[in-house]
Amino acid sequence: MHKNHKKRRRSVRLQRSVLSAALCALLLTSCAPASRAPQPTTAAPYEEETGADYEQLTENSLKEQQRFADLEESLFQDEISASRLDLHFLLKNPEGRGITKTDALIAPISMEAFLQTRNDQEELRKELSGFQTALLTDDQKLTLRILESLMNTEKKGEGLELYSQPLAPTIGTQAQLPMLLCEYAFYTRQDVEDYLNILEYLDTFYGQILSFEQEKADAGLMMSDTSIDHVMESCKSYLLVPGNNFMIDSFKERLNALPDLTDDAKKELCARNEAALEEHFVPAYKLLIDGLEKLKGTGTNEKGMCGYPDGKAYYEYLVYTATGTSYHSIDELMTATEQEISDNLQITSKLLSEHPELESMLDNYQYRQTEPTAIMEELKEQTLKDFPQLPECSYTLKDVPKALELSLSPAFYLTSPIDDSSQNVIYINRNPIYDNQPLYNTIAHEGYPGHLYQTVWFHTHCDSDLRKILSFSGYTEGWAAYVEALSYRLDNGLDPLLGELLEANSKATLGIHAYLDMAVNYLGWERKDVQKYLSSYFSDPESIADSMFETMVDNPANYLSYFIGSLEIRNMRETAELQLGDSFNTTKFHTFLLDMGNAPFDVIQAYFTTWLMNQKMGN
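So the number in my numbering is just where the residue sits in the sequence shown, counting from 1, plus 197.
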């Protein structure tokens, strides 16, 4: 144990999400004008301290560097040990990192836990301010700046803990946890025991969530009845039917792959799994359904987040948590979003005007590869052109169980443990409602050069365990959305002009979702306002206005991670292309972003300025 490591584990909540999901899109064919967006300002690099005696400086530097290294290790140990579930997905071999136990099976969701996290964050904020930045290594300076930015963002949410939303139709805890359980790898017999313990704990855990929801209701902060219905509908997907049970099938598959288990042992464990499902898993979802039903009528806000007393402040916190943006206000973000929509819809209009034959292609086009594995392999080959080469790694493509298609995203990537980059799983949702989202681009988002590529690159190029578990969805989802857009213009079998049209259309579509996210949750737009806005783009806005409004209410700031994150990246690329001209190298730009890893854009922008300067000097 390191000297700065406290006996009580800190709960700062730094770790990354295990699941990264794709979003669905719509096809647009018209454009609307918007004003020019202000560009985000770039933070200045940190001033370095000089003038100390060399020997003394060296000694002081080593002491400060060791002190920071101790803090990093302490934070890593605390965060990764928050629960058995977190630990298992983030580390294949925790004993190799000196971790032998965890404090909980699943990280708790309660006001007590949230308030403890706030206290721990405040302690960390004070601890970070005590470091002499100039004495740290370059990597440590970067980690320090990332942690400082994160703590400053978390400060915005102080006192607003009851606004947290653990339940949501597709991205809520109740929707994502079963998929995590299905992918809970069995390396040893103990892993099976831990899994069964988690499964048996699920009704207790969901009871804990219901208690939190009751506190929200008592404070007048409960979700609307419409949102409750959406969550309840999601829960019904997990009322498993005997004989058609993906939880039983996945358990058997993992068990059969575990060596040195006798047939009797397997039989016993399968029986325990079925009993846990019957006595705990299904009752847990029934508990949620019944509990939420009783809470109907307690939520009076039918608007977005800003309809709650401090909802506007909480939404601002969510925005900066979700994006890590370098823009200074939501108003700036909305203006930038309007401009991005306008620019891309002007591109679509120009292409359709100059090449009217493209319109007929929109309803009947096909990529060269249509099967998931073939798409992955083609995309892997395509990344060699404009991206640094990734070390060879394995992956598995799976279909979402049919019973869960309506309650899950179009696709999602399950990240590999930080000590084993070979375990990469991508789930594809085959529900026909997602047929408007081409599989080729979805896999580009989740696989190469999206989440899988991004994750494996950083795991193999970063020495900091702490940095590998940091979570900034604006960076991760922004990167995935950025490369998804690029995938339309790869050598993929499409007519190049059609690819350009589809790329611009996808950017505009995501921008419209992002704008509505902010308009509903920050400006207070109602259903009629959403319909009026959509009438600028659709001939029949009534058919989608309600679902769009409800999506934004159910998932505040969710679309912003994708859109604003990709906008930040495109802004940097456009700046680099403008300033470097013919010397701009796409691979070098992508390598810079990949090497930065999970970080907020206000930090990345400062390093981008330095990178750009070095490129100008030919370094």
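Ideal Cβ positions, reconstructed from N, Cα and C, are used throughout, including at glycine.
Exercise for the section: Report the partner residues of Lys599 according to the DSSP bridge assignment. Expected result: Looking at the DSSP assignment, Lys599 forms no beta bridge with any residue, so it has no partner.
Problem - Cut-off 6 Å between Cβ atoms - residues of its own chain near Pro363, not counting five sequence neighbours on either side - result: Ile306, Thr370, Ile406
Exercise for the section: Would you verify that the beta carbon of Leu364 is, or is not, closer than 7 Å to some beta carbon of chain B? Expected result: Protein chain content of the structure displayed is limited to a single chain, and chain B is not contained in it.
Exercise for the section: Please report how far the alpha carbon of Glu774 lies from the alpha carbon of Asp688, in whole angstroms. Expected result: 22 Å
Exercise for the section: Could you name the residues that DSSP lists as bridge partners for Thr593? Expected result: Val622
Exercise for the section: Hey, could you find the ends of the alpha helix (DSSP H) Phe805 is sitting in? Expected result: 798-813
Problem - Burial state of Pro375, where buried means 16 or more other Cβ atoms lie within 10 Å - result: buried
Handout entry: Three-way DSSP call (helix, strand, coil) for Leu777 in this model
Key = helix
Practice task
May I ask you to verify whether the segment 510-520 touches the segment 748-767, counting CB pairs closer than 8 Å and requiring at least 3?
Solution key: yes
Exercise for the section: State the CB to CB distance for the pair Met444 and Leu474, rounded to an integer number of angstroms; the pair is presumed to be in contact (CB under 8 Å). Expected result: 6 Å
Exercise for the section: Could you say which of Tyr712, Asp660, Ser546 lies nearest to Met793 if we only look at CA atoms? Expected result: Asp660
Problem - Range covered by the alpha helix (DSSP H) that runs through Ala462 - result: 460-473
Problem - Asp662 CB to nearest heavy atom of the ligand ATP below 6 Å - result: Among the components modelled here there is no ligand, and therefore nothing to report on the ligand ATP.
Handout entry: Span separating the alpha-carbon of Asn768 from that of Ile709
Key = 18 Å
Practice task
List the whole-angstrom C-beta distance separating Tyr610 from Leu649, where the pair is believed to meet the contact cut-off of C-beta under 8 Å.
Solution key: 6 Å
Practice task
Kindly list the residues whose CB is nearer than 6 Å to the CB of Ser763, restricted to its own chain and excluding five residues on each side of it in sequence; keep chain order.
Solution key: Gly675, Ala678, Tyr679
Problem - Backbone CA spacing between Leu790 and Gln651 [nearest angstrom] - result: 9 Å
Handout entry: Minimum C-alpha distance to Ala462 - residue among Val428, Ser618, Leu287, Glu390
Key = Glu390
Problem - Exposed unless 16 or more other CB atoms sit within 10 angstroms - verdict on His525 - result: exposed
Handout entry: C-beta contact flag for His477 and Leu399 at 7 Å
Key = yes
Practice task
With Trp676 as the anchor, note down where its alpha helix (DSSP H) starts and where it stops.
Solution key: 670-684
Handout entry: Inter-residue Cα distance where the pair is Asn498 and Val750
Key = 10 Å
Problem - Candidates Ile666, Asn633, Tyr631, of which the one nearest Pro614 by Cα - result: Ile666
Handout entry: Proximity winner among Ala310, Gly295, Val653, Ala701, relative to Ala301 (alpha-carbon distances)
Key = Ala310
Handout entry: Cβ distance (whole Å) where Gln620 is taken to contact Ala382 below 8 Å
Key = 7 Å
Practice task
Please list, in chain order, all residues of the same chain as Ser670 whose beta carbon is under 6 Å from its beta carbon, the five residues on each side excluded.
Solution key: Ala519, Ser758
Practice task
Below 7 Å CB to CB, which residues in the same chain sit around Ile801 once its five sequence neighbours on both sides are set aside?
Solution key: Met793
Problem - Simplified DSSP assignment, three categories, for Leu436 - result: coil
Exercise for the section: Using the Cα positions of Leu347 and Met558, report the straight-line distance between them to the nearest angstrom. Expected result: 46 Å
Problem - Distance between Ser546 and Thr788 (C-alpha atoms, nearest Å) - result: 34 Å
Practice task
Verify whether the separation of the beta carbon atoms of Glu578 and Gln566 is less than 7 Å.
Solution key: no
Handout entry: Proximity below 7 Å, CB of Pro588 to CB of Thr657
Key = yes
Practice task
Name the two residues that bound the continuous alpha helix (DSSP H) containing Trp722.
Solution key: Premise fails: Trp722 is in no alpha helix (DSSP H) and is neither H nor E.
Exercise for the section: In angstroms with no decimal places, state the Cα-to-Cα distance between Gly488 and Gly404. Expected result: 9 Å
Handout entry: Neighbourhood of Ala716 by C-beta distance below 6 Å, restricted to the same chain and skipping five residues each side
Key = Trp722
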